[in-house]
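Participant: Structure below; questions to follow.
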Amino acid sequence: MCGRVLFLCTGNYYRSRFSEQWFNHLSSERGLAVRANSRALGLDEDPYFSYPTIAVRTLEKLESLGLEPDPARLPLQVVEEELASAALVVAIKEAEHRQRLAAKFPGWEERVRYWHVHDLDGATPEEALGELEVLVGELVDEMADGSA
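This is how it looks when you write it as structure tokens:
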């Protein structure tokens, strides 16, 4: 598969940012032509909430995996053009993101792959990021063997 994978979560500073950077690292190591980016589904829901550029625990996990994380950019809200241009869209937690997709981008809720990785209300950062480490690795494997 060539093109772009788009990882979605609510705030785009924790789970999806880890997934994006870990995917790009693994994809590059494997020599794949696919890259990832990540966006938020919920930044526009509370204009007064201020997200950091990237979660400290995300930075720590990426560093523990030997990466030099890119913390520079602020979280970004997804727009429909980004959904349409992605070869694959992955929403990090179906219970959080299916309804948001349906409300904001009708029809897209049936066109994405859903994972079931909890946010901080249901898992520790070690659990959630560890699960994403495995899931992203499996996705890169799928891409490498052409099954994604």
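Residues in the sequence shown are numbered consecutively from 1, following the UniProt record's numbering. The beta-carbon is built from N, C-alpha and C at its ideal position, and this holds for glycine as well.
#1: Nearest to A33 by alpha carbon, out of L135, V5 and L65?
#2: Hey, N24 and L43: beta-carbon distance below 8 Å or not?
#3: Hey, which unbroken runs of the beta strand (DSSP E) at 3 residues or more fall wholly within the UniProt domain "Phosphotyrosine protein phosphatase I" (3-142)?
#4: Could you pull out every residue in the same chain whose Cβ sits closer than 6 Å to the Cβ of C9, ignoring the five residues on either side in sequence?
#5: Measure from the alpha carbon of G3 to the alpha carbon of each residue in L129, K104 and V89, then state which is nearest.
#6: What's the gap between the Cα of Q99 and the Cα of Y114?
#7: State buried or exposed for V112, treating a residue as buried only when at least 16 other CB atoms are found within 10 Å of its CB.
#8: Would A55 be called buried (16 or more neighbouring beta carbons within 10 Å of its own) or exposed?
#9: Can you tell me whether P75 is buried or exposed, with buried defined as 16 or more other CB within 10 angstroms of its CB?
#10: With burial defined as no fewer than 16 other Cβ atoms inside 10 Å of the residue's Cβ, what is the status of E110: buried or exposed?
Facilitator: Here's the rundown:
#1: The sequence position of residue 33 within the sequence shown is 33, counting from 1. When only C-alpha atoms are compared, the closest one is V5.
#2: Residue 24 sits at position 24 when you count from the first residue of the sequence shown. Residue 43 sits at position 43 when you count from the first residue of the sequence shown. The answer is no: Cβ separation not under 8 Å.
#3: 3-9, 34-40 and 88-91
#4: As a working mapping, residue 9 is identified with position 9 in the sequence shown. Excluding sequence neighbours, C9 sits near R15, S16 and I92.
#5: If you number the sequence shown from 1, residue 3 lands on position 3. Ranking the options by Cα distance to G3, first place goes to V89.
#6: Within the sequence shown, the letter at position 99 stands for residue 99. Within the sequence shown, the letter at position 114 stands for residue 114. One C-alpha to the other measures close to 12 Å.
#7: Numbered from 1 along the sequence shown, position 112 holds the residue referred to as residue 112. Buried is the call here.
#8: Taking the first residue of the sequence shown as 1, we reach residue 55 at position 55. Looking at its Cβ environment, which holds 16 or more other Cβ atoms inside 10 Å, A55 is buried.
#9: Locating residue 75 in the sequence shown gives position 75, where the first residue counts as 1. Result: buried.
#10: Counted from its first residue, the sequence shown places residue 110 at position 110. Burial call: exposed.
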